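Down below is the structure, laid out as structure tokens.
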Amino acid sequence: MTTGKLISLLASLCFLVLNTIQAQDADILLIKKRVVEDVMAQRTQDANIARMIEQMNEDGSFKGINYEDLSRTAGFPHRFHTSNLLAMSIAYKSPESKYHNDKKLKGQIEKSLRYWTKHDFIGDNWHDNQISTPTHLGDLLLVIGDELPKDLVDQLLPIVGRAHMNASGARPSGDRIVIAGILAKNLLFQGKYEEFDQIIQIIAGEVKFSTGERGMQHDYSFHHRVDRVNNTSSYGYGKYANAFGDWSYYVSGTRYKFAQERINQLVDYYLDGIYKQMVYGIYDDVSVKNRSITQKSTFAPRGTREIERLLAGTDHRRAELEEIIRLRKGESKPSASFAKFFWQTEHFVIQRPCYYTTVRMFSTRNRNMEEPYNGPGKPTHHRADGTNYLMMKGDEYHNIWPVYNWQRISGTTIVQKPQLPPPTEIQKEGRTDFVGAVTDGMIGAVVFDFKSPHDPLEAKKSWFFFDEEYVCLGTHIRSKSDYEVVTTVNQALMRSDVKVFQGGKVQPMPRGNRNLTDVKWVHHDNVGYIFPEPASVGLSNQTETGRWSDITDQKNVSKELVSEDVFSLWFNHGKKPVNASYSYMVVPCVSEETLRQTAADNRSVRILANTDKIQAVTHTRAGITQAVFYQAGSLDLGNGRKIRLDSPGLVMLKTKNDRITEITVADPLRKLNSVNLWVEGRYEGQSGEYRTLSSGDETLFVINLPQGVYAGKSTHVRLN
């Protein structure tokens, strides 16, 4: 090679390297710009900044913060110190603020930061030290760090640096992405771009299935801990999905961008996991909440930022995402209908345009409830005992919790103890494995062979969901306790007068608490509760009182007496029942007049069986039969027709002109490879899901069941 060619080659290589470096620098600058814009978007009103300044003491501390109490139950009030400083820093850098480039404000920020570095407050809760404080101070450095004295920055960096990938909180699942994100911001501030590249790769790899471990499950529910408790709406939403979505947006269009399949899987997780466990995809579903349910909340639609950021990086399922945006902005009304069983979490959801309802359970495969970490959630012992909340507007239970009777939870069967056990006794291992659901994606049936881990109580509970109503059955209710056993139909905020059809006539219920006999139906807040056979029930429609401080061990919680009007309806099975039972139908979105017209024939719904062997319901008008087989057996469908199952399981049949058109089956035990279902009549067919064998005037359907991570999911068969 000639000297001239060598020089030319070296020049080309230098040019290429220079362009690569410049492109990398441009990418980093773009990412940093987006991150800082997000931080600056948190701008606080100047009036609030003024109050913060007034509350600052001469030494840089703030009035009203108890700096001495670092306990877990105190809630780390020190976080207000760092959040105040972040807000003040944003105001200092905001051209729209009157505090823009205010040297006096900057001096106060520096003074208060030195107060913090001098004391370096370490809370008893790891979250305070690895997430809360590093988040505020890390964001502050990105905003104003270049204008702070070097010695002060050098003191702050190790505090922010407690968010690192070997930290105790950086375990797989939501906290890992959050901590990685704090570290990534810190690296951006320090200009450590090689390490930044490594952290981005960690974040990019976190959206994946982790069934059986912490993280996203194959049914799109989320488990934050190895207890396999449903954490989809808490850790799985904000700390996992939204945190990943933010970084997906920050790095989009750069060399650091995430793989398309990761972003698309995140979309699937939002649509099939998070949003299907929210009321219409708009409001939080109280049945998914754990310990946070005992904290006062606001009722408002969720925001749209996470969806808009997804749409910036993918067109995957765009129409569905855009519909959620319109719903949350109030630009359209709910229209989606679906049913879904989260088989990894024992949680069933069904939605129609005018209502949303769920059943929450637990089994030997998971525990019942989240522990009351750091204080909240102390009365939640029974919130997974077959809880069945019904929501039409989404606020039917909003902040009812201080006045709530925690042993009369909607849908549950509970021993009425003088008081609940201590909070240390909340989380328990499941004692039954016959827990599951059968669904075709639109309707379904749910079973809970309930054995209480708290009390000497067992019951066979099932729910049968159709399009406009659902039936709740319970039998084999047994208890050795000296206290009464109660099954609660519903306990919700009272939003209307209560009407009762009793003894052949309709009558309004005056406020109070009473036991009623010979009740055919009850109507409240556009919901009808029908009893197939006139029943004896308890009914309360009166003001209840309580305190937020009664339901949490957190400090600094209001002790003010709260009053709410509450509607409650229940069955009292008495003390030490041997084989008690119940049956009722719930009809959402129904007027009193329509209820009167349709309750007489139980809305074309017939209970076929309610025994310890079979629970089954048929909807004659819809041509749908749903059945729970606790053991192998046969079920008389009426008109001389029978079906037979050779094992325990769940079956749903759809018929037309007395011919079966669809079959859906599931195995709550999750032990079978297939189920054998015998039906009357001759049917022929075969696919990858089933095959038939005819014998005389009977046909055997051998239906394959999902295996592995899909065990517990339904198999749905359409017949030609």
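So the sequence shown is numbered by our numbering: it starts at 374 and just counts up by one.
Glycine residues also receive a C-beta, built at the ideal position from the N, C-alpha and C atoms.
For clarity, every value in this text was computed on a predicted model and none was experimentally measured.
What residues match up with THR677 in a beta bridge as DSSP calls it? Answer is none; THR677 lacks a bridge partner.
Would you mind giving the Cβ-Cβ distance between GLY542 and HIS473, rounded to the nearest angstrom? I have them listed as a contact below 8 Å. About 36 Å separates the two Cβ atoms, so there is no contact after all.
I need the boundaries of the alpha helix (DSSP H) containing ALA1084, first residue and last residue. For ALA1084, no alpha helix (DSSP H) segment is defined, and its DSSP state is neither H nor E.
By the 10 Å Cβ neighbour count, where 16 or more other Cβ atoms means buried, how is LEU391 classified, buried or exposed? Bear in mind that a pLDDT of 44 at LEU391, under 50, signals an unreliable position, so the number given afterwards is only what the model happens to contain. Under this definition LEU391 is an exposed residue.
From the DSSP output, read off the bridge partner residues of PRO836. Note on identity: in this sequence residue 836 is Trp, with Pro being the wrong assignment. Per DSSP, VAL819, CYS845.
Among ASN604, LYS581, VAL659, GLY626, which residue has its Cα nearest to the Cα of ASN637? Of the residues ASN604, LYS581, VAL659, GLY626, the one whose Cα lies closest to the Cα of ASN637 is LYS581.
Cross-strand partners of MET429 (DSSP beta bridge): PHE435
Check the DSSP bridge columns for ARG725 and list the partner residues they point to. TYR728
Ignore the nearest five residues each way along the sequence and tell me which others in ASP657's own chain have a CB closer than 7 Å to its CB. Taking ASP657 as the centre and dropping the five residues before and after it, the same chain places the C-beta of SER606, MET651 closer than 7 Å to its C-beta, in chain order.
Reduced DSSP secondary structure (H/G/I, E/B, other) of VAL859: strand
VAL963 and ASN899: beta carbons closer than 9 Å? Contact flag set, yes.
Per-residue burial, GLY578 [other beta carbons within 10 Å of its own, 16 or more giving buried]: Result: exposed.
State the DSSP-derived secondary structure class of PHE388, mapped to helix, strand or coil. Reliability of the predicted coordinates at PHE388 is poor, the pLDDT of 49 falling under 50, and no value is obtained from them.
Identify every run of the beta strand (DSSP E) within the stretch 462-495, keeping only runs that are complete inside it and at least 3 residues long; order them along the chain. none
Assigned exposure category for ARG887 - 16 Cβ within 10 Å defines buried: Label assigned to ARG887: exposed.
Using the three-state DSSP reduction, which class does VAL1090 fall into: helix, strand or coil? strand
Residue span of the beta strand (DSSP E) that contains GLY1022, given as start and end: 1022-1029
Would you report the Cα separation of VAL859 and GLY759, rounded to the nearest angstrom? 13 Å
Is the beta carbon of LEU1026 less than 9 Å from the beta carbon of GLU1035? yes
Who are the Cβ neighbours of GLU744 in its own chain at under 7 Å, not counting the five residues just before and after it? ILE799, GLN800
Just to confirm my understanding: we take LEU389, look at its own chain, exclude 5 residues before and 5 after, and list those with CB closer than 8 Å. What are they? Confidence in LEU389 is poor, its pLDDT being 47 and thus under 50, which makes the residue's placement too unreliable to answer from.
Just list the residues that DSSP pairs SER607 with in beta bridges. Beta-bridge pairing links SER607 to no other residue.
Per-residue DSSP class, three states only, for GLN1080: coil
What residues in its chain sit with their C-beta under 8 Å from that of GLY554, if we drop five residues either side in the sequence? ILE576, ALA616, ASP619, TRP620
Going by DSSP, name the residue or residues bridged to TRP943. THR861, GLY911
Out of ASP592, ALA423, PRO749, ALA972, which one is the CA nearest neighbour of PHE721? ASP592
By the 10 Å Cβ neighbour count, where 16 or more other Cβ atoms means buried, how is ARG1091 classified, buried or exposed? By the Cβ-count criterion, ARG1091 is exposed, with fewer than 16 other Cβ atoms from all chains shown falling within 10 Å of its own Cβ.
Pairwise C-alpha distance: LYS928 and ALA447: 5 Å
Just verifying my parser: in three-state terms, what is the DSSP assignment at ARG976? When DSSP states are grouped into helix, strand and coil, ARG976 belongs to the helix group.
Own chain residues within Cβ distance below 7 Å of ASN1093, not counting five before or after: GLY1058
Out of THR718, PRO791, LEU684, point me to the one whose CA is closest to HIS597's CA. Cα-wise, what sits closest to HIS597 is THR718.
C-beta atoms of ILE782 and HIS755 nearer than 9 Å: yes
Supposed contact pair GLY919 and PRO1138 - C-beta distance, whole angstroms, cut 8 Å: No information on residue 1138 is available, as it lies outside the stretch 374 to 1093 that the chain covers here.
Report the option in LEU560, ASP493, PHE494 whose CA atom is closest to the CA atom of LEU515. LEU560
Just curious, the beta strand (DSSP E) that ASN880 is in, first and last residue? The sequence given here places Gln at residue 880; Asn does not occur at that position. Run containing GLN880: 878-881, per the beta strand (DSSP E) assignment.
In terms of alpha-carbon separation, which member of PHE823, LEU793, GLU586, GLU842 lies closest to THR848? PHE823
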